[in-house]
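Numbering of the sequence shown is given in our numbering, commencing with residue 21 and proceeding in unit increments.
C-beta: ideal position from N, C-alpha, C; glycine also.
Here the structure comes first, spelled out in structure tokens, and everything after it is commentary.
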Amino acid sequence: MAEGREGTGPLPPARPLDAIDQDILRMLQADGRASIRSVAERVHVSRANAYARINRLVEDGVIRGFGARVDHERAGHGTSAYITLKIVQNTWRTVREQLRQLPGASHIALVGGDFDVLLLVHTPDNRALRELVLTRLQAIPEVLSTRTLLVFEEEDLEPQW
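See the structure below:
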């Protein structure tokens with residue numbers, strides 16, 4: 021069973037999403053600050069229905085939270101990199117917890133292929149990236165090797181529901 025949000029216990033089984041739910045998700049992904057009124061008008065339901073649907077999407081764990089899309093360079097983190105890691109077998113949960121603590125870590129994925137983990141980081145500059153890789157990552161006992169792929173340019177894509 022899927023783990024719930026911090027301190028909330030396990031999530032309920034996923035319920036199917038209808039076209040209105042998907043429209044609501046698209047709208048909130050594009051503008052997480054959209055009002056209930058504007059959501060209701062856009063998807064042609066009452067405000068009470070829109071409110072109930074959004075609450076259900078949150079309770080079911082479909083919506084994990086609301087946040088801002090940040091331009092990392094303008095926010096002072098102009099260096100981005102994907103880092104691949106090979107780790108000791110069966111240590112994913114331990115490694116994941118340590119990676120969550122890294123400054124600038126923004127995405128962690130357990131993957132199949134030539135490496136085990138894909139980590140996206142944003143740092144102020146190359147010096148901070150070097151410090152993160154050589155001092156922090158390679159000090160994790162379960163990390164066998166790393167490979168750093170410097171990002172030259174990036175773009176967050178709009179949702180394609």
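* Tell me, which residues are paired with Tyr102 by DSSP? -> Looking at the DSSP assignment, Tyr102 forms a beta bridge with Leu140 and Leu169.
* To do: Just the C-alpha distance for Ala34 and Val82, rounded to the nearest angstrom, thanks.
  => Straight-line spacing of the CA atoms in Ala34 and Val82 works out to 8 Å.
* Just how far apart, CA to CA, sit Glu174 and Asp91? -> Each residue's Cα considered, the two are about 10 Å apart.
* Under a Cβ-count criterion, where at least 16 other Cβ atoms within 10 Å of its own Cβ denotes burial, should Thr11 be classed as buried or exposed? -> Residue numbering for the chain in the displayed model covers 21 to 181; residue 11 lies beyond these limits and cannot be assessed.
* Asked: Is there contact here, the region 60 to 67 with the region 96 to 110, by at least three beta-carbon pairs under 8 Å?
  -> Cβ pair count under 8 Å is below three, so no.
* CA nearest to the CA of Leu139, picked from Gly98, Leu152 and Gly87 -> Ranking the options by Cα distance to Leu139, first place goes to Leu152.
* Asked: What does a CB cutoff of less than 7 Å around Phe86 pick up in its chain, not counting 5 residues either side in sequence?
  -> Taken in chain order, the residues that qualify are Gly52.
* Nearest neighbour of Arg46, chosen from Gln158, Val131 and Leu77 [CA to CA] -> Arg46 has its Cα closest to that of Leu77, out of Gln158, Val131 and Leu77.
* **Sub-8 Å separation of Ile56 and Ala70 beta-carbons** => Result yes, Cβ atoms of Ile56 and Ala70 sit closer than 8 Å.
* **Ala159 vs Val141 beta-carbon contact at 8 Å** => Against a cut-off of 8 Å, the Cβ pair of Val141 and Ala159 comes out as no contact.
* Give the single residue among Val171, Arg156 and Phe172 whose Cα lies nearest to the Cα of Ser165. => It is Arg156.
* When you compare each of Ile44, Glu162, Glu117 and Ser58 to Gly75 by their alpha carbons, which one comes out closest? -> Looking at the sequence shown, residue 75 is not Gly but Asn. Ranking the options by Cα distance to Asn75, first place goes to Ile44.
* Asked: By the 10 Å Cβ neighbour count, where 16 or more other Cβ atoms means buried, how is Val163 classified, buried or exposed?
  -> A buried status is given to Val163, since no fewer than 16 other beta-carbon atoms sit within 10 Å of its beta-carbon.
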